[in-house]
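**Student:**
Number of protein chains: 2
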Amino acid sequence: MNVLIVHAHPEPQSFTAALRDQAVETLQAQGHQVQVSDLYAMNWNPVASAEDFSTRENPEYLVYALEQRLGVKSQSLAPDIRQELDKLLWADLLILNFPIYWFSTPAILKGWIDRVLVSGVCYGGKRFYDQGGLRNKKALVTVTLGGREHMFGEGAIHGPLEDMLRPLLRGTLAYVGMEVLEPFVAWHVPYISSEAREQFLQGYRERLEHLQSDKPLLFPRLEQFDEALYPL
Amino acid sequence: MNVLIVHAHPEPQSFTAALRDQAVETLQAQGHQVQVSDLYAMNWNPVASAEDFSTRENPEYLVYALEQRLGVKSQSLAPDIRQELDKLLWADLLILNFPIYWFSTPAILKGWIDRVLVSGVCYGGKRFYDQGGLRNKKALVTVTLGGREHMFGEGAIHGPLEDMLRPLLRGTLAYVGMEVLEPFVAWHVPYISSEAREQFLQGYRERLEHLQSDKPLLFPRLEQFDEALYPL
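These protein sequence lines are chains A and B, in that order.
If you read the first sequence in the numbering used here, its first letter stands for residue 1, the second for the next number, and so on.
If you read the second sequence in the numbering used here, its first letter stands for residue 1001, the second for the next number, and so on.
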C-alpha cells in the first residue's frame, strides 16, 4: 500500500507526533510506502482564495469549486495544492493525524481539505459517496483529545464522538468515495501517564498491523436515491 | 444589542456578502450596534501556533489551551487575537456568516474559532455548555450552500444539516455557553435566479427583525451530569 499521513500539530514533540511516528514505523515495517505531510512544518497555507489559481476562468467573480475544476484541466492550480493532490492520488490509504480542536480538525488541516480535495477530481456532479472520485482508497482518522472516554457515547455529555466528527467522516472522506475506517482515538492525552501513552501507541500499532481486516463505516449509496437525489 | 458579524468568503461580491450587508442594514435600522470582522479582507491568520503568545509559560513544549489561559492573564496574546476577543466579549449576538465548505466552516473561520475562543475566558474547567464563559450571548449561524433543501433532513442523502453542523452548533457555540439559534440557510445559491436570491435576503431581514422571539436550540446542561460528568 501507498500511505499518506497528513499530520497537523503545532508542537513537534507532541503525543500526536508520536502517533505519526508510530504509524510510519509500523507501516514501513510491513513493506508499505509512506509519505508524511507535516502541515505545520510545511507552513501550509490553509486559506482557499483566488490566489490558488494562476489563471482564472472568471477573473471577475470567484466560484472556488468551478475554478478548481478548470484549474485541474488547465494546470493552473497553485503548486502547493498540486503537490498535495498528487500525494493523495498516489495513496491507497490516507491517515489524518491531529488533535481535536473544537470537536473537529485544526484550521490548518481544514484548509488542506478545502484546497486539496479539488472538484472535478475528488468529486463533482453525481460523483460522490460511493461514486466519489477517491473510491478504492481507505481513510483513517487518528485523533488525540483532552476529554475522557465516558464523556462520549449515547447519553454522554458530548454524545458519540463519531457524531461530532460527522462532517469529516461522512461529509468529507465518505463524500469523496473513500472507505472510512473507525477512528483511532487517544483519550485524555494531556493528563495521562507515560505508561498510558505507551499503551495507546501499542494499541495503535496493533490496529495498523490488522487494518486490512477492518470493516469500513457505513454511509449512503447513490443507488438508494433517484436522479434528483430524493430517497427511493 | 451589540452585534458582531464574522464574515468569511473569498469573493467580495458573493451572495454571502449580500447577506452580511443585509444583516448590517437591518440590525442598524433597529438601533443595534454592529461590528463586522471580514476575515478575508483582514487577511486573518487562521493557524494556531506558538507565535500567538509573546511570552510563554512553557517555551519548551506548547500546550495551546494552557498558554491561552495564561496569555489572557499576562496579556501576552497576539494583538489580532486580543482584538477579536474584545469584539466577541462586547457582543450580545454573534453572527457567523459563511459558505459551507465540506459541511463546515471555511478554514479561515475555523481558525478564528481556534484562536479567539480562548480557554480561561470562553470556557475552562467546568465552565462549558450552560455554564460556559459566553452565556447570556446569542449565536446565529448564517450559511449559503450549493446543495438543495431536499438533500438534507431525516432520510435525505446528507441527513439533517444541523447534524452536519453539530461540532459548530453544539461543540463550539453551545459549548461556550451561547444561546444558539436555528441556522439561517440559503440553499442552492450558485444555481438560483436573482429573484430567488432576493427572496432569501427578504426572508433573512424578516428573521433578523424578529430574532428576539426565536427559541434557542436545546443542548445538554451540566446539572444533568455528576461531578465526573457521568449522566445522572
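For each residue, glycine too, the CB sits at the ideal point set by N, CA and C.
Determine contact between the region 1172 to 1190 of chain B and the region 1127 to 1145 of chain B, defined as no fewer than three beta-carbon pairs at a distance below 8 Å.
**Tutor:** yes
**Student:** Between the Cα of B/M1151 and the Cα atoms of A/L165, A/L232, A/Q35, which residue gives the shortest distance?
**Tutor:** A/L232
**Student:** Which two residues bound the contiguous alpha helix (DSSP H) that contains B/D1114?
**Tutor:** 1107 to 1116
**Student:** Go through its chain and collect everything with a Cβ distance to A/V185's Cβ below 6 Å, but skip five positions before and after it.
**Tutor:** Excluding sequence neighbours, A/V185 sits near V143.
**Student:** Could you say if the region 1044 to 1059 of chain B and the region 1016 to 1023 of chain B meet the contact criterion of at least three C-beta pairs nearer than 8 Å?
**Tutor:** no
**Student:** Please list, in chain order, all residues of the same chain as A/A91 whose beta carbon is under 7 Å from its beta carbon, the five residues on each side excluded.
**Tutor:** N2, V3, L4, K137
**Student:** Please name the residue, chosen from A/G147, A/S213, A/V72, A/Q35, that lies closest to A/L96 on a Cα-to-Cα basis.
**Tutor:** The shortest CA-to-CA distance from A/L96 to any of A/G147, A/S213, A/V72, A/Q35 is the one to A/Q35.
**Student:** Residues bridged to A/I95 by DSSP?
**Tutor:** A/I5, A/L140
**Student:** Taking the CB atoms as reference points, tell me whether B/A1048 and B/D1130 lie closer together than 8 Å.
**Tutor:** no
**Student:** Quick check on the burial criterion: 16 or more other C-beta atoms within 10 angstroms. Buried or exposed for B/E1278?
**Tutor:** No answer is possible for residue 1278 of chain B: the residues shown for chain B start at 1001 and end at 1232.
**Student:** If we cut at 8 Å on Cβ distances, does B/L1027 have a partner in chain A?
**Tutor:** Output row for B/L1027: interface = no.
**Student:** What do you reckon, are the CB atoms on A/S119 and A/R197 nearer than 8 Å?
**Tutor:** No, they are not a contact pair.
**Student:** Residue range of the alpha helix (DSSP H) that A/A18 falls in?
**Tutor:** 15 to 29
**Student:** Note down the Cα distance separating A/Q199 from B/L1208, rounded to an integer number of angstroms.
**Tutor:** The alpha-carbon atoms of A/Q199 and B/L1208 are separated by roughly 52 Å.
**Student:** Taking buried to mean at least 16 other C-beta atoms within 10 Å of its own C-beta, is A/L218 buried or exposed?
**Tutor:** exposed
**Student:** Tell me whether A/E182 sits in a helix, a strand or coil according to DSSP, three-state version.
**Tutor:** Of the three classes helix, strand and coil, the one that applies to A/E182 here is coil, per DSSP.
**Student:** Is the CB-CB distance between B/A1041 and B/L1109 below 8 Å?
**Tutor:** no
**Student:** Could you check if A/Y101 is buried or exposed, using at least 16 other CB atoms within 10 Å of its CB as the buried criterion?
**Tutor:** With a 10 Å radius around the Cβ and a threshold of 16 neighbouring Cβ atoms, A/Y101 comes out buried.
**Student:** Compare the Cα-Cα distances from A/R56 to each of A/Q202, A/S76, A/E223 and report the closest residue.
**Tutor:** A/S76
**Student:** Using 10 angstroms around the beta-carbon of A/A29, count the other beta-carbons present and answer buried if the total reaches 16, otherwise exposed.
**Tutor:** exposed
**Student:** Counting only Cβ pairs nearer than 8 Å, list the residues of chain B close to A/D163.
**Tutor:** D1163, R1166
**Student:** Does any C-beta atom of chain A lie closer than 8 Å to the C-beta of B/F1225?
**Tutor:** By the rule that beta-carbons nearer than 8 Å mark a contact, B/F1225 touches chain A.
**Student:** Can you find the residues in the same chain that come closer than 8 Å, C-beta to C-beta, to A/L201, ignoring five residues on each side of it along the sequence?
**Tutor:** A18, L19, Q22
**Student:** Does A/N101 come out as helix, strand or coil in the three-state DSSP assignment?
**Tutor:** The question names Asn, but residue 101 of chain A in the sequence shown is Tyr. It is a strand residue.
**Student:** Are the beta-carbon atoms belonging to A/L85 and A/V121 less than 8 Å from one another?
**Tutor:** The beta carbons of A/L85 and A/V121 sit closer together than 8 Å.
**Student:** Could you confirm whether any beta carbon from chain A is found closer than 8 Å to the beta carbon of B/K1110?
**Tutor:** The beta carbon of B/K1110 falls within 8 Å of a beta carbon belonging to chain A, placing the residue at that interface.
**Student:** Return the CA-CA distance between A/E182 and A/R166, expressed in angstroms with no decimal places.
**Tutor:** 12 Å
**Student:** Within the same chain, show all residues whose beta-carbon is closer than 8 Å to that of A/F225, passing over the 5 residues directly before and after it, in chain order.
**Tutor:** Around A/F225: P231, L232.
**Student:** Please list the partners that B/Q1013 has in chain A, where partner means a Cβ-to-Cβ separation under 7 Å.
**Tutor:** Y61
**Student:** Can you have a look at A/G155 and say buried or exposed, based on whether 16 or more other CB atoms are within 10 angstroms of its CB?
**Tutor:** exposed
**Student:** So which residues of chain B does A/G155 contact, with C-beta pairs closer than 7 Å?
**Tutor:** P1231
**Student:** Quick check: the Cα distance between B/P1160 and B/F1103, rounded to an integer number of angstroms?
**Tutor:** 11 Å
**Student:** By the three-class DSSP mapping on this structure, what secondary structure does B/V1189 have?
**Tutor:** helix
**Student:** Please work out which residues of its chain come closer than 6 Å, Cβ to Cβ, to A/Q33, disregarding the five sequence neighbours upstream and downstream, and give them in chain order.
**Tutor:** Here the set comprises N2.
**Student:** Name, please, each residue of chain B whose Cβ falls closer than 7 Å to the Cβ of A/V47.
**Tutor:** P1046, A1107, I1108
**Student:** Rounding to the nearest angstrom, what Cα-Cα distance links B/P1220 and B/G1125 in this structure?
**Tutor:** 16 Å
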